[in-house]
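Take a look at the structure below.
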Amino acid sequence: IGGMWVGTFHGLAHRLLRSHWKEADLPQSFQILDSDDQLRMLKRIMRGMELDEAQWPAKQAQWYINAQKDEGLRSKHIQAGHDPYSQKILTVYQAYEDACQRAGVIDFGEILLRSHELWLKRPDILANYQQRFQQILVDEFQDTNTIQYAWLQLLAGDTGHLFIVGDDDQSIYGWRGARIENIQKFHQDYPAADTVRLEQNYRSTGNILAGANAVIANNSERLGKELWTEDDDGKLIQIYNAYNERDEASYLVEQVRAWVDKGGNRADNAVLYRSNAQSRVIEEALLYANMPYRVYGGLRFFERAEIKDVLSYLRLISNRNDDAAFERIVNTPTRGIGAATLTQLRQYAREHNLTMWQSALALLEAKFFAARAGNALTGFMTLIDSLTPIDDTMPLHELTSLVIDESGLRAHFSKDKTEKGQGRIENLDELISAARTFKQPDNEELEDMPLLDAFLAHAALEAGDNQGEQWEDCVQLMTLHSAKGLEFQVVFMVGMEEGLFPGQKTSDDPSRLSEERRLCYVGMTRARKTLFLLHTESRFLYGQEMSHSPSRFLNEIPPENVEQIRARRNVVTSGYSAIAPKHTTTVNETGFNPGQQVHHQKFGSGIVIDTEGSGKNARVQVNFKHAGSKWLVIAYAKLEKV
Numbered sequence: 033i034g035g036m037w038v039g040t041f042h043g044l045a046h047r048l049l050r051s052h053w054k055e056a057d058l059p060q061s062f063q064i065l066d067s068d069d070q071l072r073m074l075k076r077i078m079r080g081m082e083l084d085e086a087q088w089p090a091k092q093a094q095w096y097i098n099a100q101k102d103e104g105l106r107s108k109h110i111q112a113g114h115d116p117y118s119q120k121i122l123t124v125y126q127a128y129e130d131a132c133q134r135a136g137v138i139d140f141g142e143i144l145l146r147s148h149e150l151w152l153k154r155p156d157i158l159a160n161y162q163q164r165f166q167q168i169l170v171d172e173f174q175d176t177n178t179i180q181y182a183w184l185q186l187l188a189g190d191t192g193h194l195f196i197v198g199d200d201d202q203s204i205y206g207w208r209g210a211r212i213e214n215i216q217k218f219h220q221d222y223p224a225a226d227t228v229r230l231e232q233n234y235r236s237t238g239n240i241l242a243g244a245n246a247v248i249a250n251n252s253e254r255l256g257k258e259l260w261t262e263d264d265d266g267k268l269i270q271i272y273n274a275y276n277e278r279d280e281a282s283y284l285v286e287q288v289r290a291w292v293d294k295g296g297n298r299a300d301n302a303v304l305y306r307s308n309a310q311s312r313v314i315e316e317a318l319l320y321a322n323m324p325y326r327v328y329g330g331l332r333f334f335e336r337a338e339i340k341d342v343l344s345y346l347r348l349i350s351n352r353n354d355d356a357a358f359e360r361i362v363n364t365p366t367r368g369i370g371a372a373t374l375t376q377l378r379q380y381a382r383e384h385n386l387t388m389w390q391s392a393l394a395l396l397e398a399k400f401f402a403a404r405a406g407n408a409l410t411g412f413m414t415l416i417d418s419l420t421p422i423d424d425t426m427p428l429h430e431l432t433s434l435v436i437d438e439s440g441l442r443a444h445f446s447k448d449k450t451e452k453g454q455g456r457i458e459n460l461d462e463l464i465s466a467a468r469t470f471k472q473p474d475n476e477e478l479e480d481m482p483l484l485d486a487f488l489a490h491a492a493l494e495a496g497d498n499q500g501e502q503w504e505d506c507v508q509l510m511t512l513h514s515a516k517g518l519e520f521q522v523v524f525m526v527g528m529e530e531g532l533f534p535g536q537k538t539s540d541d542p543s544r545l546s547e548e549r550r551l552c553y554v555g556m557t558r559a560r561k562t563l564f565l566l567h568t569e570s571r572f573l574y575g576q577e578m579s580h581s582p583s584r585f586l587n588e589i590p591p592e593n594v595e596q597i598r599a600r601r602n603v604v605t606s607g608y609s610a611i612a613p614k615h616t617t618t619v620n621e622t623g624f625n626p627g628q629q630v631h632h633q634k635f636g637s638g639i640v641i642d643t644e645g646s647g648k649n650a651r652v653q654v655n656f657k658h659a660g661s662k663w664l665v666i667a668y669a670k671l672e673k674v
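Its first residue numbered 33, the sequence shown is counted upward by one per residue in my numbering.
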């Protein structure tokens with residue numbers, strides 16, 4: 033056991049390079065660049081190439097270089113395209129490789145690529161390791177990328193015994209380089225390999241497994257397996273058709289409370305969502321219910337960096353004397369106000385008992401700064417003044433949207449083309465949703481507070497130090513990706529709607545749609561006893577009202593394994609203290625009555641079955657010829673009478 037090598041691909045490859053640094057053409061004391069160091073180096077290189085950062089974001093070049101290395105490709109292996117972008121980005125890759133070699137540093141992706149090249153260049157070194165490591169075990173093989181599999185194949189050679197463990201149905205990291213083809217074609221590369229299927233499940237009930245099996249069966253090119261359990265069928269999968277996102281959140285809070293009332297723990301319950309931006313409304317519902325929760329593997333909505341940036345702009349708009357907000361955003365996004373300028377501002381403010389804003393005004397008036405720093409600081413302060421409403425007539429969500437756009441934050445985060453960057457843009461749009469639905473607090477202390485100040489106070493309280501601790505009994509919130517490898521007694525999968533899960537961009541891409549379905553399968557199989565799948569008829573998300581049909585994944589679950597639960601007539605509308613009373617809408621209020629024929633732009637022709645609610649919350653149930661029965665919000669449905 034003492035002679036075993038145990039570690040990640042990168043960890044073992046790093047160990048190899050440390051032993052053979054000279055043969056790998058590295059200095060003995062070579063250093064590894066982390067992601068931030070790599071980005072800073074790329075920025076220096078691209079500035080030296082006189083590339084405009086707005087047109088050529090260093091983040092994008094970083095993503096490109098790392099993706100090529102994951103595929104085992106150096107710049108010399110890549111044929112430049114005929115378009116200017118492909119040619120220029122390849123030039124950046126070449127310059128980056130040269131700079132790293134001169135500096136004697138390697139990045140994370142280089143570790144495997146360089147060690148793979150070492151074995152190809154020195155067969156004697158490879159033969160030594162092949163002889164030493166005859167038995168090779170790889171776990172989570174479905175998550176390997178191209179260079180990892182190539183590295184593994186070299187090590188195994190013709191005589192090594194490979195033992196791989198993996199589940200092709202749980203390959204959910206294609207967006208970061210994982211290649212499901214590795215496990216799918218393993219038998220082609222090693223035709224003598226035996227396959228052992230581990231199909232007995234010791235976690236979930238029969239109904240949950242039947243539903244998950246049915247969903248994943250719609251993916252083609254699977255290795256194929258059918259999970260089963262000796263446990264009983266258990267509770268049917270609960271599909272809740274919510275009225276809107278607040279009804280969705282309130283319903284899951286009620287179910288958690290019911291579980292606790294029966295003697296269960298809050299920590300037995302997990303809420304899974306496709307996008308981090310979906311957590312906001314759920315967090316609000318849990319806070320309103322005084323139910324502790326913890327965001328697993330992430331931050332609460334109002335604690336996220338991009339959200340705090342926008343809130344700091346809003347704070348400074350509201351109060352020019354807010355020094356913490358000033359310092360956070362004065363150079364965010366970068367506008368040429370450096371550390372030396374900030375030091376001078378702080379010193380003058382301290383010596384003259386002024387705020388940072390007042391200090392800046394005084395020093396600018398005295399023409400203290402050099403032209404570049406002075407112009408940048410003037411531009412920032414002019415921006416804040418221009419964003420400040422002259423009265424209270426501008427809606428809060430419009431002000432928030434204006435700040436996001438005019439500050440440059442949206443453009444700044446849009447440069448990051450990765451999933452993380454897309455998530456930040458979604459969070460910014462969700463902040464607009466939060467501002468749109470925010471209502472003045474209904475209490476004497478806060479009712480006279482300006483709406484912007486009340487919103488900022490609300491955000492600060494939600495971001496307070498009440499995140500559940502590891503040891504505390506609290507509801508677990510996380511993305512579906514973060515849930516992999518975990519299990520819970522009760523699982524709520526929210527946002528089960530077309531355009532959200534599966535996402536809009538995946539519907540026309542078979543490989544991405546298959547990965548979305550695998551992600552759904554992973555989420556469903558996290559549940560031990562009870563699985564709730566929730567979808568809404570309308571949802572305010574990313575700053576806009578959306579009306580989507582239920583996710584196709586719901587329709588793939590056999591009817592005998594589910595219980596359909598319709599939205600309640602007592603529905604949360606715009607704030608958790610406002611519950612709409614039970615009310616049946618008359619034909620005079622809506623203009624619709626049962627039996628009437630109507631037409632919808634998306635769902636086609638149908639017949640009105642029922643109506644309910646009043647005013648802007650009035651709804652109509654229509655039985656569509658091809659889409660089935662659906663409840664629609666009359667204000668948004670744009671139904672035409674036939």
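In this text, a Cβ means the ideal position worked out from N, Cα and C, and glycines have one as well.
Predicted, not measured: the structure shown is a model, and the values here were computed from it.
Rounded separation between residue i and residue j - CA only
| i | j | result |
| --- | --- | --- |
| residue 434 | residue 444 | 15 Å |
| residue 175 | residue 674 | 53 Å |
| residue 617 | residue 644 | Reliability fails at residue 617, whose pLDDT of 36 lies under 50, so the model's placement of it is uncertain and the value that follows must be treated cautiously. Cα to Cα, the separation comes out at about 5 Å. |
| residue 606 | residue 371 | Note that residue 606 scores 44 on pLDDT, short of 50, meaning its location in the model is unreliable and no value can be drawn from it. |
| residue 601 | residue 68 | Unreliable positioning characterises residue 601 in this predicted model, as indicated by a pLDDT of 48, which lies under 50. The coordinate reading is nonetheless provided below. Going by the C-alpha atoms only, they are around 51 Å apart. |
| residue 351 | residue 481 | 14 Å |
| residue 451 | residue 122 | 22 Å |
| residue 597 | residue 525 | 15 Å |
| residue 257 | residue 536 | 29 Å |
| residue 615 | residue 84 | In this predicted model, residue 615 has a pLDDT of only 33, less than 50, meaning its place in the structure is not dependable; the value taken from the coordinates is given anyway. One C-alpha to the other measures close to 60 Å. |
| residue 307 | residue 170 | 30 Å |
| residue 287 | residue 316 | 16 Å |
| residue 672 | residue 624 | 10 Å |
| residue 132 | residue 183 | 22 Å |
| residue 357 | residue 347 | 6 Å |
| residue 655 | residue 422 | 49 Å |
| residue 313 | residue 136 | 49 Å |
| residue 574 | residue 333 | 13 Å |
| residue 202 | residue 259 | 13 Å |
| residue 392 | residue 402 | 13 Å |
| residue 431 | residue 465 | 12 Å |
Residues bridged to residue i (per DSSP)
| i | result |
| --- | --- |
| residue 582 | 529 |
| residue 106 | According to DSSP, residue 106 bridges with nothing at all. |
| residue 639 | 629, 655 |
| residue 196 | 170 |
| residue 64 | 138 |
| residue 314 | DSSP lists no partner for residue 314. |
| residue 535 | 531, 532 |
Any non-hydrogen atom of the ligand NAP within 7 Å of residue i CB
| i | result |
| --- | --- |
| residue 511 | Annotation note on the ligand NAP: not contained in the displayed structure, which lists no ligands. |
Test item: CB-CB of residue i and residue j under 8 Å
| i | j | result |
| --- | --- | --- |
| residue 275 | residue 569 | yes |
| residue 404 | residue 368 | yes |
| residue 406 | residue 419 | no |
| residue 56 | residue 49 | yes |
| residue 128 | residue 212 | no |
| residue 731 | residue 561 | With the chain represented from 33 up to 674, any question about residue 731 goes unanswered, as that position is not in the structure. |
| residue 298 | residue 323 | yes |
| residue 166 | residue 148 | no |
| residue 75 | residue 90 | yes |
| residue 177 | residue 210 | yes |
| residue 341 | residue 388 | no |
| residue 523 | residue 558 | yes |
| residue 510 | residue 328 | yes |
| residue 144 | residue 119 | no |
Residue range of the alpha helix (DSSP H) that includes residue i
| i | result |
| --- | --- |
| residue 375 | 371–383 |
| residue 156 | 155–164 |
| residue 114 | Counting along the chain, residue 114 falls outside any alpha helix (DSSP H), and DSSP gives it neither H nor E. |
| residue 239 | 238–248 |
Extent of the continuous beta strand (DSSP E) run through residue i
| i | result |
| --- | --- |
| residue 511 | 507–511 |
| residue 326 | 325–327 |
| residue 269 | 269–274 |
| residue 564 | 559–568 |
Whole-angstrom C-beta distance between residue j and residue i, which should lie under 8 Å
| i | j | result |
| --- | --- | --- |
| residue 188 | residue 168 | 6 Å |
| residue 666 | residue 652 | 6 Å |
| residue 138 | residue 62 | 6 Å |
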